[in-house]
Structures are given as structure tokens and as C-alpha cells.
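This report refers to the structure that appears directly beneath it.
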Amino acid sequence: MSTAMQPTIQSNLADPLASVNEHVCVVRLTRQALYRTWDLGEGLAAPVRGRLARALRLTTEITLGRATPGHLTALAALVPQLAADGLDVADTLGRALRDFRDQWDAHIRRESCPEGRCLTLNAAPCHSTCPANIDIPSFMAYLGHGDHRAAIAVIRRDNPLPLVCGLVCPAPCESACMRADHDGSVFIRPMKARAAELCLEEGGYPHPELAAPTGQRIGIIGSGPAGLTAAYYLRLQGHEVEILEAQEHAGGMLRYGIPAYRLPSELLERELDQIRTLGISIQTGVKIDHLADFRAHYDAVFIAVGTQKSRFIPIDGGDQPWVLGGIDFLREVRSGEPVRVGPRVVVIGGGNVAVDVALTALRQGATDVAMVSLEQRDEMPASPHEIKAALAHNVQLYPGWGPLRIEAEGAAVFQYCARVKDELGRFAPSFDPERLLRLEANQVILAVGQGTDMAFLDGSDVETQRGFIVTDPDTLMTTVPGVFAGGDAQHGPRTAVEAIRSGKLAAAAIDAWLMQAELDSSRGQPQRRAEVVPLRVAAGKRAQQARAEMPEKPISAVLGDGNYTQIENGLTEHLAHDEASRCLRCDICIGCGLCVAACSEMGVEALRMATTTADRLVYLDFERPASLCIGCGACTQVCPTGAIRIEDQDGMRRTVITGTVVREQPLLRCSHCGVLTQTAAQRDFIRSRLPAHMALSLERELCPDCARALADRPLTGAHIAAVVEVA
Ligand code: SF4
Ligand code: SF4
Numbered sequence: 001m002s003t004a005m006q007p008t009i010q011s012n013l014a015d016p017l018a019s020v021n022e023h024v025c026v027v028r029l030t031r032q033a034l035y036r037t038w039d040l041g042e043g044l045a046a047p048v049r050g051r052l053a054r055a056l057r058l059t060t061e062i063t064l065g066r067a068t069p070g071h072l073t074a075l076a077a078l079v080p081q082l083a084a085d086g087l088d089v090a091d092t093l094g095r096a097l098r099d100f101r102d103q104w105d106a107h108i109r110r111e112s113c114p115e116g117r118c119l120t121l122n123a124a125p126c127h128s129t130c131p132a133n134i135d136i137p138s139f140m141a142y143l144g145h146g147d148h149r150a151a152i153a154v155i156r157r158d159n160p161l162p163l164v165c166g167l168v169c170p171a172p173c174e175s176a177c178m179r180a181d182h183d184g185s186v187f188i189r190p191m192k193a194r195a196a197e198l199c200l201e202e203g204g205y206p207h208p209e210l211a212a213p214t215g216q217r218i219g220i221i222g223s224g225p226a227g228l229t230a231a232y233y234l235r236l237q238g239h240e241v242e243i244l245e246a247q248e249h250a251g252g253m254l255r256y257g258i259p260a261y262r263l264p265s266e267l268l269e270r271e272l273d274q275i276r277t278l279g280i281s282i283q284t285g286v287k288i289d290h291l292a293d294f295r296a297h298y299d300a301v302f303i304a305v306g307t308q309k310s311r312f313i314p315i316d317g318g319d320q321p322w323v324l325g326g327i328d329f330l331r332e333v334r335s336g337e338p339v340r341v342g343p344r345v346v347v348i349g350g351g352n353v354a355v356d357v358a359l360t361a362l363r364q365g366a367t368d369v370a371m372v373s374l375e376q377r378d379e380m381p382a383s384p385h386e387i388k389a390a391l392a393h394n395v396q397l398y399p400g401w402g403p404l405r406i407e408a409e410g411a412a413v414f415q416y417c418a419r420v421k422d423e424l425g426r427f428a429p430s431f432d433p434e435r436l437l438r439l440e441a442n443q444v445i446l447a448v449g450q451g452t453d454m455a456f457l458d459g460s461d462v463e464t465q466r467g468f469i470v471t472d473p474d475t476l477m478t479t480v481p482g483v484f485a486g487g488d489a490q491h492g493p494r495t496a497v498e499a500i501r502s503g504k505l506a507a508a509a510i511d512a513w514l515m516q517a518e519l520d521s522s523r524g525q526p527q528r529r530a531e532v533v534p535l536r537v538a539a540g541k542r543a544q545q546a547r548a549e550m551p552e553k554p555i556s557a558v559l560g561d562g563n564y565t566q567i568e569n570g571l572t573e574h575l576a577h578d579e580a581s582r583c584l585r586c587d588i589c590i591g592c593g594l595c596v597a598a599c600s601e602m603g604v605e606a607l608r609m610a611t612t613t614a615d616r617l618v619y620l621d622f623e624r625p626a627s628l629c630i631g632c633g634a635c636t637q638v639c640p641t642g643a644i645r646i647e648d649q650d651g652m653r654r655t656v657i658t659g660t661v662v663r664e665q666p667l668l669r670c671s672h673c674g675v676l677t678q679t680a681a682q683r684d685f686i687r688s689r690l691p692a693h694m695a696l697s698l699e700r701e702l703c704p705d706c707a708r709a710l711a712d713r714p715l716t717g718a719h720i721a722a723v724v725e726v727a
């Protein structure tokens with residue numbers, strides 16, 4: 001194995017094993033090093049590349065827990081060969097095998113990985129990033145197939161409020177989407193709303209069977225997303241559930257904290273009806289004054305009162321009557337109170353609530369709204385689409401300014417904020433007092449935090465800390481047995497979907513406590529809820545298709561005094577189908593790269609995956625195999641999930657990646673028995689790699705059975721003539 005004429009791959013990276021300790025997975029690091037060398041080694045001679053691909057495949061199989069001790073023997077044998085090939089990675093592989101043998105053995109035995117990252121088939125990134133852990137690829141595939149009821153059933157396994165989330169969720173799942181850096185993340189959020197609206201138009205969601213009655217009664221304080229979610233899952237378990245809500249209407253922050261142009265009351269009400277219909281009572285206008293009295297009526301209690309009060313920061317002049325709290329302002333507006341502001345309003349804050357306040361102010365009399373945040377524009381906590389909405393409404397953004405004082409004459413003064421956090425990432429703003437900004441204002445609205453009215457806990461033993469309820473982190477039980485807490489009142493102000501997660505976790509814990517059962521250790525983890533056949537999507541379309549734009553009403557139609565018309569029109573059937581088609585089905589293709597390694601090991605090189613920032617491989621190039629794949633099926637032999645398949649039908653062989661046909665070619669017929677055998681490309685590929693005398697035997701075009709049976713007979717012209725391509 002001479003290296004004289006071959007390009008060699010020298011690793012420019014620091015030694016991957018240099019700073020390894022017992023918490024670092026050496027097998028994963030070695031696989032990364034092999035992949036990187038393979039990825040950079042397009043120009044290597046075919047035999048070298050084949051050995052590299054083999055080492056990569058073997059190591060990947062070990063990370064997946066699909067290996068035997070023979071894998072280690074084979075890898076050890078490759079070390080001197082790769083070294084002779086001039087590859088630096090041989091040294092990494094050799095040292096890893098020699099110095100960290102325990103780790104390799106533990107992986108082979110499927111026992112443990114020091115980082116806990118190997119030995120599992122990773123969930124789709126969107127699925128694991130969604131705080132509610134909705135099985136996103138499955139529900140979207142159902143919707144793409146036209147089965148919106150099945151889509152809703154999948155969503156509601158993890159989130160009982162698909163319409164609400166489909167309209168207001170900031171969609172952290174989309175930031176994790178594998179298409180994000182390619183042509184834009186899949187537009188997941190409105191897909192839930194589309195499925196929900198289709199079901200509601202038909203009369204309601206499909207509801208799961210309730211478990212047999214348990215005789216246990218649970219009282220829930222608060223009808224926001226955490227309370228509703230806990231109620232739903234507890235009811236499914238057969239418990240009797242009552243929700244008590246202090247406000248006039250149900251919904252908590254969904255009703256009183258989110259403006260109606262995003263979540264109209266009638267839509268929220270329709271979703272609430274889908275909760276009530278299970279026999280969950282929601283009593284509104286009932287304020288709980290003393291927890292102890294309330295507790296006495298139930299077997300367990302869940303506190304989900306949210307953060308319904310604005311927090312004020314100590315600021316010179318902040319006690320003037322025209323300085324308002326953001327959440328207070330939103331609640332008063334949504335309660336129908338005649339709140340008037342403007343014409344000039346300054347909103348202090350850079351989060352989603354600040355945007356809601358700014359856009360609501362424009363509908364309550366303001367004509368000139370400024371939003372001032374400590375954070376620079378790219379650090380603002382508001383979601384990008386919220387900031388886009390603010391700009392579309394002509395809200396003036398002033399990022400990087402901290403409030404200094406509010407002047408009685410009607411102005412807010414800010415000082416420049418050079419930095420919000422210190423080197424350790426702690427909140428420690430540093431200001432430049434010489435650089436000031438003065439904005440005139442009729443009102444200053446502070447959207448810088450929210451708190452909870454905890455007066456009802458007085459006299460109870462429920463512990464609080466910094467204004468939030470303290471719970472056991474696993475069970476969400478407070479310091480009082482049988483009293484649980486979740487949502488914003490427990491974890492602080494967060495998004496609706498995080499409150500939904502909290503409500504779901506609380507339901508599991510309350511059920512286990514009441515039934516004296518063990519707490520499900522898989523709770524809070526992404527669970528596959530269905531196995532949905534991928535959509536058939538053409539390769540070109542799958543490879544490149546821009547994310548849909550949300551159809552919206554023009555600003556002129558939705559902006560104006562008291563105009564709370566819903567801005568979004570929602571995805572059309574066509575757009576929803578397109579988005580479902582864009583999904584790369586990361587639930588099926590887990591991004592292990594075994595197929596690519598197997599194809600490269602064969603010497604075909606038909607497959608390429610892209611490396612994403614999440615250090616996960618993904619198919620984005622669905623067109624390369626069209627000219628290169630020979631249809632041999634080596635990739636399908638190693639794929640652990642069936643993401644890549646060979647389908648033979650009507651005389652054709654199709655190579656299919658998660659529903660997309662990437663190569664279609666005719667099959668040849670056995671010249672002796674007439675069965676379909678292989679593709680011409682596969683035959684030619686094998687022929688090109690066999691010695692001349694053996695290659696000649698391929699002219700007989702025999703299926704494996706006939707080849708064995710006729711092994712002794714000489715090749716005849718009749719056999720060759722009988723080779724036909726099936727049209
Ligand atoms: S491509 Fe589909 S499965 Fe993959 S992360 Fe995006 S939405 Fe999820
Ligand atoms: S079927 Fe195609 S993609 Fe799969 S290993 Fe063979 S040549 Fe490569």
C-alpha cells in the first residue's frame with residue numbers, strides 16, 4: 001500500500017484525544033475524527049477511501065450498539081493499513097483502541113456511554129427540542145397524507161392544546177430543525193393550527209378513551225396552559241378534575257396575557273370546549289383565599305396560578321401613575337377595560353411580552369411606540385418573528401439601552417448598556433453613563449418581568465423562594481404533601497408550551513402519588529407516538545424548497561384603534577402539504593451516516609449527507625444518487641431504521657430515502673429462469689471489479705440460484721442473447 005501518489009489527509013485539528021477524561025466518549029470522538037478524515041478525503045485512492053469508510057462504518061455501528069467483539073478486531077487490523085495509507089487518523093484510532101479499551105467494550109456490550117449519547121436512536125431534533133415533546137415528524141406526515149384527525153391524536157398525546165400552540169408558540173422546535181441552515185426550517189408551528197382547525201370544523205378532536213374511574217378528586221387552581229394540561233392528562237387517567245379560575249373567563253395567560261390579534265377569544269374558547277367535553281369542570285370567578293381550606297376538599301391539589309402581576313424595577317420616577325406594568329396593561333385590555341394610551345408610548349423590555357404590549361398600545365390609542373431593550377438586537381429574547389411583526393407595525397426598536405430615570409415632564413431617559421452579562425453568563429449589565437437616550441412619552445410600560453400573588457398561601461406550609469413556589473424537582477410536589485405546583489408560578493415566567501410541559505409532568509407525578517405507583521422514568525422524554533409512512537416527494541422538491549410564508553392580512557386591515565382582527569390567515573392546504581413534504585423525517589433517518597459509509601466502502605460513493613451545527617448528519621442532497629447509485633442495496637443492509645430502502649416493483653428497482661425515490665432503474669432478467677436479478681449498473685460495477693475470466697461469467701446474467709446450479713456448465717451464446725432489459 002504505497003502512499004507515494006496519493007493525497008494524504010493530515011488532521012489540522014488538535015489531537016481529538018488530548019483532553020479526554022472519564023466523562024468523554026472516546027468512541028464518539030474517534031468516529032468524528034474518522035468522519036472528518038473521510039469527508040475531507042474525496043481525492044483519496046479508492047482502496048484507501050474504502051478502508052477509511054470501513055473503519056467509519058465499524059465505529060459508527062459501535063456507537064449505535066450494533067456491534068460484536070469482531071468489530072474491534074476488524075478495527076485493530078485497519079490501524080496499520082490506514083497508517084500505511086498516510087492517514088493521521090490511524091494514530092487516533094490506534095490510541096483510542098489501546099488506551100480506552102474499557103469504553104469500547106462497554107459500547108459493544110451495550111452497557112454504557114460516558115456521555116449517554118451513544119447506544120440510542122436519537123429522536124428528531126424538533127421532537128426533542130419541543131418542550132412538550134410533540135412527535136412532530138409523525139403528526140406532520142399524517143397531515144401531509146390528509147389525515148388531520150390522526151395528526152391531532154398524535155399531538156394531543158403530548159400537548160392537549162394544538163390550536164393554541166399552533167397560533168402562539170414561539171416554536172423552539174423550528175430553531176432545531178435540520179433544514180434551518182439549508183433553506184429555512186420547516187414551518188412546524190402553524191401545521192398544528194391547521195390540523196386543529198380542520199378537526200374543529202368537523203365538530204371536535206378525536207378523544208382517547210378515559211381510564212376507569214379511580215374515585216380520586218383533584219383540584220386545580222388556575223386555568224392557564226399548565227392547569228388545563230394537567231387536568232386533561234389526569235382526566236384521561238380516570239380521575240375527577242375540577243379547575244378553579246379567579247378571572248371571569250378561563251384560559252389564564254392565554255386569555256389575559258396574549259393579545260386577541262394572535263389568539264382570538266372564540267378560538268381559545270373552542271379549544272377549551274375540547275377540554276371541558278371530557279368532563280373537566282372549569283369554574284370561573286372563584287378566587288381561592290386560603291390553600292388549606294381548598295386542600296381539604298380534594299385528594300390532591302395542583303397550583304397553576306401563573307404569573308399574573310407585572311414586576312416593576314426600582315427606577316427613579318417609576319412610581320408615577322403613567323408608568324404601567326406590561327402584563328397588567330395586557331390583562332386590562334383583554335378584560336375589556338377602556339384603557340387608553342398614547343400618542344407616544346415607550347415600552348421597556350425586549351421579550352415577546354414587550355412586543356405584545358407595543359402592538360397592543362398601537363390598538364389602544366398610541367401612534368408612536370418605541371421598544372427599548374437592554375439587549376442588543378441579536379440578543380433580544382423576543383422570537384425573530386415577533387420582532388419582525390413589531391417592525392412591520394413601525395415600532396421603533398432601541399436595543400442596548402437601560403432605563404435610568406423617568407421624568408415628570410413626560411420622558412424616559414436611558415443609558416447605553418455595553419454588556420448585559422458577565423464572562424460567566426450571569427446577568428450583570430454594565431452601562432456607559434455618558435451615553436444617554438431621552439424619549440418623550442405619554443406612558444412608559446414596563447415589560448421586564450412578572451410575578452405571582454401568593455397571598456392565598458399565607459398560613460400554609462408551602463414554601464416559596466424569590467416569589468415562586470418551591471417544589472421537588474422530580475415530582476413537582478410542594479413542601480406540603482399532596483399539593484403540587486407547576487407552570488410560571490413554579491418555574492417563573494416562560495412560554496405557554498413550557499407551562500404545558502410542566503402540566504404534563506405534574507399530571508404524571510400526581511397520578512403516581514395518588515395511585516401509589518412508580519413514577520414513569522420516561523416522562524419528559526421524547527416518545528415516538530406513531531410510525532407514519534413518509535410522503536412520496538420528488539427528489540428535486542425535497543432537496544430545495546423554500547419555507548412557506550405565512551399568509552397574513554395587510555397591516556392596514558389589522559391595525560387601528562380597537563382593531564384586534566387576527567393577523568395570520570393560517571396555512572392553506574397546499575402550503576401545509578408543501579411543509580409536510582419539506583420535512584426530512586429525522587424520526588426515521590437518525591443521521592448516523594452508516595449508509596454513506598457502506599456505499600463508500602463499496603466504492604460507489606452515491607450518497608452524501610450534510611453535517612449540521614447540531615453535529616448530526618442529514619440528507620439534503622437527494623439528487624446525487626440519480627446518476628451514481630447502482631441499486632446494490634448495501635446501504636439498506638446497514639441502515640438501523642429502514643430510512644433507506646430498495647423497492648423492486650414492475651421490473652424497476654428504486655432506491656428510496658425517507659419517501660423520496662433517488663434512483664430508479666430497470667432490473668435485468670435471469671437468462672436461465674427469467675426472474676428479475678440486478679440492475680445493469682450493478683452488473684457493470686461488479687464486472688469492473690472482477691478479474692477478466694470471472695467477469696466473463698457475468699455475461700450469463702444469472703440470478704444467484706441459477707449461477708450456483710449452472711456453475712459447472714460453459715457459458716453459451718444463447719445465455720448472453722437471453723439477457724433482456726425489462727422495459
Ligand atoms: S426536518 Fe422534519 S423531522 Fe427533521 S428537524 Fe425539521 S421538522 Fe423535525
Ligand atoms: S443502493 Fe445505491 S446508495 Fe445504496 S449502497 Fe448501493 S449504490 Fe450506494
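First residue of the sequence shown? That's 1 in full-length UniProt numbering, and the numbers climb one at a time after it.
Glycine included, every Cβ here is placed at the ideal spot set by N, Cα and C.
At the level of alpha carbons, what is the spacing between Ile62 and Ser112?
12 Å
Contact defined as beta carbons within less than 8 Å: I believe Val168 pairs with Ile258. What is the distance between those atoms, to the nearest angstrom?
6 Å
Counting only runs that start and end within the region 105-189, where is the alpha helix (DSSP H) found for 4 or more residues in a row?
125-129, 136-144, 148-156, 162-168 and 172-175
Let me check understanding here. Comparing Cα to Cα, which of Thr360, Gln364, Ala392 and Tyr256 lies closest to Arg334?
Tyr256
Assigned exposure category for residue 729 - 16 Cβ within 10 Å defines buried:
As shown, the chain starts at 1 and ends at 727. That puts residue 729 outside it, with no answer to give.
Taking 8 Å as the threshold (C-beta atoms), are Arg645 and Ser671 in contact?
no
What ranges does the beta strand (DSSP E) occupy inside the region 205-273, keeping only unbroken runs of at least 3 residues that lie completely in it?
217-221 and 240-245
For Thr229 and Cys130, the rounded distance between their alpha carbons
15 Å
Figure out for me which residue from Phe294, Ala546 and Pro47 has the closest Cα to the Cα of Ser460.
Phe294
6 Å Cβ shell around Val395 - same chain, five flanking residues per side excluded:
Ala358, Val369 and Met371
Residue range of the alpha helix (DSSP H) that Leu628 falls in?
Pro625 to Leu628
Output the residues surrounding ligand 2, defined as those with a CB atom closer than 6 Å to any ligand heavy atom, in chain order.
Ala598, Cys599, Met602, Val604, Ala606, Leu607, Pro625, Cys629, Ile630, Gly631, Cys632, Gly633, Ala634, Cys635 and Thr655
Cα-Cα, which of Asn563, Asp578, Val558 and Met550 is closest to Pro570?
Residue identity check: residue 570 is Gly in the sequence provided, not Pro. If we check each option's Cα against that of Gly570, Met550 comes out closest.
Inter-residue Cα distance where the pair is Phe312 and Gly351
15 Å
Does ligand 1 have a heavy atom nearer than 7 Å to the CB of Ala124?
yes
Beta-carbon proximity list for Lys553, same chain, < 7 Å, skipping 5 on both sides
Thr565, Ile567 and Asn569
Can you pull the DSSP bridge partners for Gln527?
According to DSSP, Gln527 bridges with nothing at all.
Measure the Cβ-Cβ separation of Glu248 and Ser281 and say whether it is below 8 Å.
no
Counting pairs of beta carbons, one from the region 417-428 and one from the region 383-391, are three or more of them closer than 8 Å?
no
Please state the DSSP three-state secondary structure of Lys299.
For the sequence presented, residue 299 should be read as Asp rather than Lys. Three-state result, Asp299: coil.
Neighbour-count burial assignment, Met515, 16 or more Cβ in a 10 Å radius
exposed
Can you confirm whether the region 666-682 touches the region 702-711 when touching is taken to mean that 3 or more C-beta pairs between the two stretches lie within less than 8 Å?
yes
Pull up the CB-CB distance for Val48 and Arg529, whole angstroms please, since I reckon it's below 8 Å.
So it is not a contact: roughly 44 Å between Cβ atoms.
So within the region 39-89, which uninterrupted alpha helix (DSSP H) runs reach at least 4 residues, ignoring any that extend past its ends?
46-63 and 69-84
With DSSP run on the structure shown, which of helix, strand or coil describes Ser521?
coil
Counting only runs that start and end within the region 367-453, where is the alpha helix (DSSP H) found for 4 or more residues in a row?
384-392
Span separating the alpha-carbon of Leu200 from that of Gly562:
28 Å
Under the rule that 16 or more other beta-carbon atoms within 10 Å means buried, what is Phe139, buried or exposed?
buried
Buried or exposed: which applies to Asp15, given that a residue is buried once 16 or more other Cβ atoms fall within 10 Å of its Cβ?
exposed
Between the region 106-126 and the region 144-151, do at least 3 Cβ pairs fall closer than 8 Å?
no
By alpha-carbon positions, which one of Ser175, Gln364 and Gly402 ends up nearest to Phe329?
Gln364
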